[in-house]
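Colleague: In full-length UniProt numbering, the protein residues as written are 5 to 402.
Below you will find the structure I want to go over with you.
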Amino acid sequence: VIALADRVLQIPPSPTLAVNAKAKALKAAGADILNFSVGEPDFDTPAHVCEAGKKAIDEGHTRYTAVPGIPELREAICHRFREDHGWDYTIDEIQVSCGGKHGLYNIFQAVLNPGDEVLVPAPYWVSYPPMVQLAGGVPVTVDLDEKADFDLNPDVVAAKATDRTRAIFLNSPSNPTGSVFSRKALEAVGKMALERGWLIVSDDIYETMTYMDEPLPHILDVLPELKEQTIILNGVSKSFAMTGWRIGYSAGPAHVIKAMNKIQSQSTSNPCAPAQYAALAALTGPQDFPRTMTEAFLPRRDFFVSDLESIPGVSCVNPKGAFYVFPNFSAYYGKSFKGKKIEDSVAMADYFLDEAQVASVPGAAFGADAFVRFSFATSMEVIKEGMERIKKALAALA
Ligand code: PLP
């Protein structure tokens, strides 16, 4: 038997992708599964973006490209940053990668040394801790409070910081909570980062998908002087419904991007060439697509949240962005179905899948065991039917 590396033994496979695979397999076997586990919009990639991808193939853009991505796409990314935020980046400060996830992976491979600590606000996106670990770093969770709408808490950040802290993740709107970090909290944590020289990794993958009247607070808009120690991570996967095209991008100080390019040059070379041209069309064409999606998501969110909140013992923070609800079911932990006790979020999500044919993701995967995540990037019909099944399943617990 071939022995495996310690590095791979210390991390789990992505639980969200695993639940999705299980739900799809059950569905293929004929089960009437309602799938709330997936982290992708239920919209198709816009037609003009698909056309650009096809045209790129026809025009022979089928070879290796520059490692950090074609210059036109990096220019377009700089343009978007200027238009959307007033930020000035040049193309040597941009890397295009094989999805946002790959960008994050490159960042930590490029900056962490063994034992470096990275602050991870929890609930966190599933892949943050494993990515830090794969780079030899140590993820340190910073618990966020449901009662404070999962806002970043500067006191908890300060309490978890040590002299080994190198970086902090920010993800606002957040997957899995949909929460948005307040200006006030960003300012306090940003000042801490300035004083102590932390790298800020701002994962903005959901920034175009918000349900607020006011603009989304951003760390670099609050404290522009942090630019030299911030890496922005973004991509087209969510905002242009392009999860399968695998294009993400990072922006940061040129020497860090150069180091990330070195990693990329020795691992994946460049992101898929035709997909880069499709992303170029997405970023240079009409920018109303994310708004169209969020307008469709809004009534679904409203229904989902209020129906969850109507269940005795269940609480659910109203998400300000992204497309997930993250209800707290812990009042039901300790109850049983047919003599089998439900003790945690994994057992709860299994129970929903087995008894209600509802696929969700246990909160434990996000470092928050009281909760279960459901995506509302699915039809209202499915959400209504899913809620009926969830309510019935919870009522059957004794
Ligand atoms: N960051 C967050 C918070 C996400 O939820 C996701 C996708 O689920 C990503 C990054 C990565 O997106 P992708 O690699 O599909 O571009």
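Idealized CB from N, CA, C, for every residue including glycine.
#1: Whole-angstrom Cβ separation of residue 114 and residue 246, contact assumed at under 8 Å?
#2: Between the Cα of residue 395 and those of 356, 298, 122, spot the shortest distance and give me the residue it belongs to.
#3: What does the Cβ neighbour count give for residue 267, buried or exposed, with the cut at 16 atoms within 10 Å?
#4: CA-CA distance, residue 203 and residue 235?
#5: Near the ligand PLP, which residues have their beta-carbon closer than 6 Å to a heavy atom?
#6: Going by C-alpha to C-alpha distance, which of 251, 311, 360, 226 sits closest to residue 91?
#7: Check whether the Cβ atoms of residue 153 and residue 183 lie closer than 8 Å to each other.
#8: Rounding to the nearest angstrom, what Cα-Cα distance links residue 207 and residue 256 in this structure?
#9: Could you compute how far the alpha carbon of residue 369 sits from the alpha carbon of residue 399?
#10: Tell me whether residue 317 is buried or exposed, calling it buried when 16 or more other Cβ atoms sit within 10 Å of its Cβ.
#11: Around the Cβ of residue 201, are there at least 16 other Cβ atoms within 10 angstroms (buried) or fewer (exposed)?
#12: Under 8 Å between the Cβ atoms of residue 307 and residue 329?
#13: In chain order, which continuous runs of the beta strand (DSSP E) of length 3 or greater are located wholly inside the segment 208 to 264?
#14: What residues match up with residue 328 in a beta bridge as DSSP calls it?
#15: Where residue 126 and residue 373 are concerned, what is the direct C-alpha to C-alpha distance, given to the nearest angstrom?
#16: Is it a yes or a no for the segment 215 to 225 touching the segment 44 to 51, going by three-plus beta-carbon pairs under 8 Å?
#17: Cα-Cα, which of 323, 375, 280, 162 is closest to residue 81?
#18: For residue 390, count the other beta carbons within 10 Å of its own beta carbon; 16 or more makes it buried, fewer makes it exposed. Which is it?
#19: Specify, as a first and last residue, the run of the beta strand (DSSP E) that residue 175 falls within.
#20: Enumerate in chain order the residues of its own chain whose CB-to-CB distance from residue 405 is below 6 Å, with the five nearest sequence positions on each side excluded.
#21: So what does DSSP say about residue 63, is it helix, strand or coil?
#22: Counting only the same chain and skipping the five closest in sequence on each side, list residues whose C-beta sits under 6 Å from that of residue 243.
#23: Per DSSP, what kind of secondary structure is residue 266 in: helix, strand or coil?
#24: On the CB-based measure, 16 or more other CB atoms within 10 Å of its CB, does residue 290 come out buried or exposed?
#25: Assuming residue 238 contacts residue 261 under a Cβ cut-off of 8 Å, what Cβ separation, rounded to an integer in Å, is found between them?
#26: Are the beta-carbon atoms of residue 128 and residue 173 separated by less than 8 Å?
#27: Could you pull out every residue in the same chain whose Cβ sits closer than 7 Å to the Cβ of residue 387, ignoring the five residues on either side in sequence?
#28: Is residue 11 buried or exposed, if buried means 16 or more other CB atoms sit within 10 Å of its CB?
#29: Residue 179 to residue 365, Cα distance in whole Å?
#30: Provide the residue span of the alpha helix (DSSP H) that contains residue 389, from first to last.
#31: According to the Cβ coordinates, are residue 164 and residue 146 closer than 8 Å?
#32: Could you pull the start and end residues of the beta strand (DSSP E) that residue 142 belongs to?
#33: What three-state label does DSSP hand residue 99 in the structure shown?
#34: Could you tell me which residues DSSP pairs with residue 363 in its beta bridges?
#35: Note down, in chain order, each residue of its chain lying with its Cβ closer than 7 Å to the Cβ of residue 166, except the 5 sequence neighbours on either side.
#36: Work out the CA separation of residue 38 and residue 28 for me, nearest whole Å.
Modeller: In this structure, then:
#1: About 25 Å separates the two Cβ atoms, so there is no contact after all.
#2: 356
#3: buried
#4: 7 Å
#5: 43, 103, 104, 105, 129, 175, 179, 207, 209, 239, 241, 247, 252
#6: 226
#7: yes
#8: 12 Å
#9: 25 Å
#10: exposed
#11: exposed
#12: no
#13: 234 to 239, 252 to 255
#14: 379
#15: 11 Å
#16: no
#17: 280
#18: buried
#19: 169 to 175
#20: The requested residue 405 is not part of the displayed model; the chain covers only 5 to 402.
#21: coil
#22: 212, 294
#23: helix
#24: exposed
#25: Not really, about 14 Å apart at Cβ, beyond 8 Å.
#26: yes
#27: 304, 307, 308, 380
#28: exposed
#29: 12 Å
#30: 384 to 399
#31: yes
#32: 142 to 147
#33: strand
#34: 39
#35: 121
#36: 10 Å
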